[in-house]
Amino acid sequence: METQTGSHDYLDEAAEAVTSGNSHDASNEGEGEASGGGKPKNAKLQEKNRLAQRRFRERQKLRVSSLQQQIDELTDTVKKLTVTKHDLDTRNSLLESVLTVKDEQLRVMRERGQVMSQKIKEVGGSNSGTITIYGPDQQQIAVVLATERLADDSRLILALSDMLNLYVKQLRQCVELVKEGRGGDLAGKKLEQVVSGLFQQFDVVQKEGPSSLLKWLVSHYDEHSKKREGNQSEEQLYDGIVELIKLTPEQAAQMWDLYQTYLSNLREVLQERIRIQGLTSTNISELTGMYSVKRANDFLHSQEAVAMYKDGLLRQQNLLFDLVRTVFRGVLSPLQSAETILGVQPLICDAIQLAQAAHRRFHQGGSPS
Numbered sequence: 003m004e005t006q007t008g009s010h011d012y013l014d015e016a017a018e019a020v021t022s023g024n025s026h027d028a029s030n031e032g033e034g035e036a037s038g039g040g041k042p043k044n045a046k047l048q049e050k051n052r053l054a055q056r057r058f059r060e061r062q063k064l065r066v067s068s069l070q071q072q073i074d075e076l077t078d079t080v081k082k083l084t085v086t087k088h089d090l091d092t093r094n095s096l097l098e099s100v101l102t103v104k105d106e107q108l109r110v111m112r113e114r115g116q117v118m119s120q121k122i123k124e125v126g127g128s129n130s131g132t133i134t135i136y137g138p139d140q141q142q143i144a145v146v147l148a149t150e151r152l153a154d155d156s157r158l159i160l161a162l163s164d165m166l167n168l169y170v171k172q173l174r175q176c177v178e179l180v181k182e183g184r185g186g187d188l189a190g191k192k193l194e195q196v197v198s199g200l201f202q203q204f205d206v207v208q209k210e211g212p213s214s215l216l217k218w219l220v221s222h223y224d225e226h227s228k229k230r231e232g233n234q235s236e237e238q239l240y241d242g243i244v245e246l247i248k249l250t251p252e253q254a255a256q257m258w259d260l261y262q263t264y265l266s267n268l269r270e271v272l273q274e275r276i277r278i279q280g281l282t283s284t285n286i287s288e289l290t291g292m293y294s295v296k297r298a299n300d301f302l303h304s305q306e307a308v309a310m311y312k313d314g315l316l317r318q319q320n321l322l323f324d325l326v327r328t329v330f331r332g333v334l335s336p337l338q339s340a341e342t343i344l345g346v347q348p349l350i351c352d353a354i355q356l357a358q359a360a361h362r363r364f365h366q367g368g369s370p371s
């Protein structure tokens with residue numbers, strides 16, 4: 003509007019200039035009249051001045067109109083830029099908030115990953131410990147380092163087989179002494195020590211190298227499952243064991259309750275595994291660059307899912323060994339445990355098969371009271 007005011011001032015000055023010119027012409031006209039011969043000439047000058055003044059004013063009006071249009075356009079542009087600036091400020095504020103949240107999420111995920119890694123180490127899922135295998139008289143059979151087991155479990159598997167053979171040999175001697183009544187209380191205590199020592203060795207390997215122990219159990223079963231006498235099934239084998247060790251109805255009921263508790267806990271672990279399997283669909287091999295929040299989140303999420311899956315497998319194996327330990331060292335007497343171990347040779351004693359056989363024997367067609 004200041005420009006418009008300046009334009010009007012310029013017009014007024016121009017008008018005054020023309021008016022002054024007309025006054026000057028009028029004076030000349032007076033002088034011409036006085037002289038008596040300049041009237042036509044003055045009229046032409048006045049007409050020329052009027053035309054010039056009109057053209058000047060028209061040009062000024064056009065100029066003022068153009069300037070006013072430019073001012074209006076600039077005003078609209080300023081308004082639009084102000085709105086755009088406000089939008090950009092709002093968007094920038096939102097992006098800063100999102101980045102703050104993402105940074106916090108990454109921090110939490112890093113901490114979660116560290117916690118999960120530590121948890122796996124604590125439960126022994128990484129198979130990171132050195133394992134020393136002892137025989138029944140505490141003779142050292144083998145020392146297997148963690149680095150060695152990471153490369154190959156074969157030496158540990160052979161050491162476990164040697165350990166079992168030594169324990170089986172000594173168990174036979176102790177059972178004979180106890181059944182024949184030779185050795186008295188010392189023979190009974192010796193038998194109890196041998197049975198306890200065998201399961202303690204299994205506990206050590208289960209804690210320090212659960213996957214190694216599982217490999218040994220599978221390979222041992224594959225090697226010896228076809229070496230049993232005749233065509234006797236495993237059900238028939240354990241039915242005979244129940245008769246051999248003179249299992250009582252009370253012991254059968256205790257084993258069945260333990261077995262049902264094991265199944266209940268196992269269902270929870272398996273349900274959790276099904277849920278975790280849906281979290282491991284991300285292809286970790288493609289997540290080579292941590293240049294985006296999404297990829298970093300996917301990578302950490304997958305790592306956590308894999309760790310949880312491994313932890314679930316370890317819990318499943320721990321449940322089984324808890325059942326074995328409780329049955330053979332809690333429900334059965336040392337003599338019954340020894341006779342079961344010897345009776346299923348060359349297989350490894352199975353607490354689940356024994357519990358099912360005891361249930362068939364005493365509670366066929368129903369549950370124990």
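Heads up: take any position in the sequence shown, counting from 1, add 2, and you land on the working numbering. A virtual CB, placed ideally from N, CA and C, is assigned to each residue, including glycine.
Between the C-alpha atoms of Tyr264 and Leu272 there is a straight-line separation of about 12 Å. A contact between stretches requires three or more CB pairs, one per stretch, nearer than 8 Å, and the stretch 167-179 fails this requirement with the stretch 239-255.
Of the candidates Leu349, Gln202, Val80, Gly314, Gly314 places its Cα closest to the Cα of Ile278. Residue range 133-136 is occupied by the beta strand (DSSP E) that includes Ile135. Annotation for Val206: the continuous alpha helix (DSSP H) segment containing it runs 186-210.
Per DSSP, reduced to three states, the secondary structure at Gln142 is strand.
Here Glu49 carries a helix assignment [DSSP, helix/strand/coil]. By the neighbour-count definition (other C-beta atoms within 10 Å, threshold 16), Pro42 is an exposed residue. Shown here for Ala353: same chain residues with a beta carbon closer than 6 Å to its own, the five before and five after excluded, namely Leu325, Val326, Val329 in chain order.
8 Å or more divides the Cβ of Leu268 from the Cβ of Gln305. The beta carbon of Ser163 lies closer than 8 Å to those of Trp218, His222 in the same chain, with the five residues before and after it left out. In the three-state DSSP reduction, Thr250 falls in the coil class, being neither helix nor strand. Shown here for Arg151: same chain residues with a beta carbon closer than 7 Å to its own, the five before and five after excluded, namely Asn129, Leu158, Gly211, Ser214 in chain order.
Gln71 and Glu60 have their C-alpha atoms some 16 Å from each other.
A straight line joining the alpha-carbon of Val308 with that of Thr134 spans about 29 Å.
Residue burial annotation: Pro138 is buried, with at least 16 other C-beta atoms found within 10 angstroms of its C-beta. The three-state secondary structure of Ile243, taken from DSSP, is helix.
By the neighbour-count criterion, in which 16 or more other beta carbons inside 10 Å mark a residue as buried, Thr102 falls on the exposed side. Of the candidates Leu334, Leu69, Gly199, Asn94, the residue whose Cα lies closest to the Cα of Met165 is Gly199. In this structure, Glu225 is the residue among Glu225, Thr149, Asp105 with its C-alpha nearest to the C-alpha of Ile350.
His88 is classed as exposed because its beta carbon has fewer than 16 other beta carbons within 10 Å across all chains shown. At least 8 Å separates the beta-carbon of Ile276 from that of Thr342. Across the set Leu53, Thr132, Ser67, the C-alpha of Thr132 shows the shortest separation from the C-alpha of Val206.
Less than 8 Å separates the beta-carbon of Phe323 from that of Gln208.
Cα atoms of Ala189 and Asp155: separation of roughly 36 Å, rounded to the nearest angstrom. Between Thr250 and Ala161, the alpha-carbon positions lie close to 36 Å from each other. Around the C-beta of Ser99, fewer than 16 other C-beta atoms lie within 10 Å, and the residue is accordingly described as exposed.
CA-to-CA, the gap between Leu193 and Lys228 works out to about 29 Å. Counting C-beta atoms within 10 angstroms of its own C-beta, Ala54 has fewer than 16 neighbours from the protein chains shown and is therefore classed as exposed. A residue is called buried when at least 16 other Cβ atoms come within 10 angstroms of its Cβ; Ala45 does not meet this threshold and is exposed.
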